[in-house]
Amino acid sequence: MSLRLFAALAIPDEPAARLLALMRGVGGAKWRPRENLHLTLRFFGEIAEPVAEDLDGELEAATRGIGPFEVRLKGAGSFGGADPHALWIGAAESDRLKQLAAACEKAARRVKLKPEPHKFMPHVTLAYLSGAALDRVQMFEQAHSLFEAPAFTVRSFGLYSSVTRKSAPSLYRLEAEYPLLG
């Protein structure tokens, strides 16, 4: 058996409420439900259970020296260029956030997973798009380009499993939580 796994930061209630308030005005957007809002540190993909168990141990070891830090959600954008497929809210530059993502990448490499091909770009996906008009997507980006939520303290991160569903949002389940103790 295998699991579809990713490491992520949960979004606390106050910033999540601010994100939910932004979710409108773009036809073709499939807005994410509250329970699916997260900031992905590393997507691991489909992994066999024995490898997932090894990954759990490696994540704990790789992140052992990282302590709590602040994250501020800010700015808006989309993926897909002229054919956009997702809307997101970004996160302000943070060395500690990059360090945590790099530690997750290191854990993945230690269990022989393929390297992440994309540079880490911290964001929270608000919607997946299907046939959204480019001008509406650009208007959303412009309207929320100066978005900024109060910072929140990250004291842990999680390893989540994901089950994709055809006509509903994916189901995410917290498989393991890793406290950031420094």
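Per numbering that gives the first Met the number 0, the sequence shown runs over residues 0 to 181. Where is the CB? At the ideal position from N, CA and C, for every residue including glycine.
C-beta contact flag for residue i and residue j at 9 Å
i	j	result
Leu54	Leu125	no
Phe146	Ala75	yes
Leu158	Ala6	yes
Ala61	Arg109	yes
Cβ-Cβ separation, residue j to residue i (assumed contact under 8 Å), whole Å
i	j	result
Phe42	Leu86	Their Cβ separation, rounded to whole angstroms, is 18 Å, which puts Phe42 and Leu86 out of contact at 8 Å.
Phe40	Phe156	The displayed chain sequence assigns Leu, not Phe, to residue 40. Their Cβ separation, rounded to whole angstroms, is 6 Å, which keeps Leu40 and Phe156 in contact under 8 Å.
Counted within 10 angstroms of its Cβ, other Cβ atoms place residue i as buried (16 or more) or exposed
i	result
Leu4	buried
Pro222	Since the first residue shown for the chain is 0 and the last is 181, residue 222 is missing from the structure and cannot be characterised.
His117	exposed
Pro83	buried
Ser77	buried
Thr163	exposed
Leu173	exposed
Collapsed DSSP secondary structure at residue i in the structure displayed
i	result
Phe146	coil
Glu140	helix
Val50	helix
Lys97	helix
Glu174	strand
Lys73	strand
- Hey, is the region 142-150 in contact with the region 94-104, meaning 3+ C-beta pairs nearer than 8 Å? no
- Query: Would you call the region 11-20 and the region 100-117 touching, i.e. three or more CB-CB distances under 8 Å?
  - Reply: no
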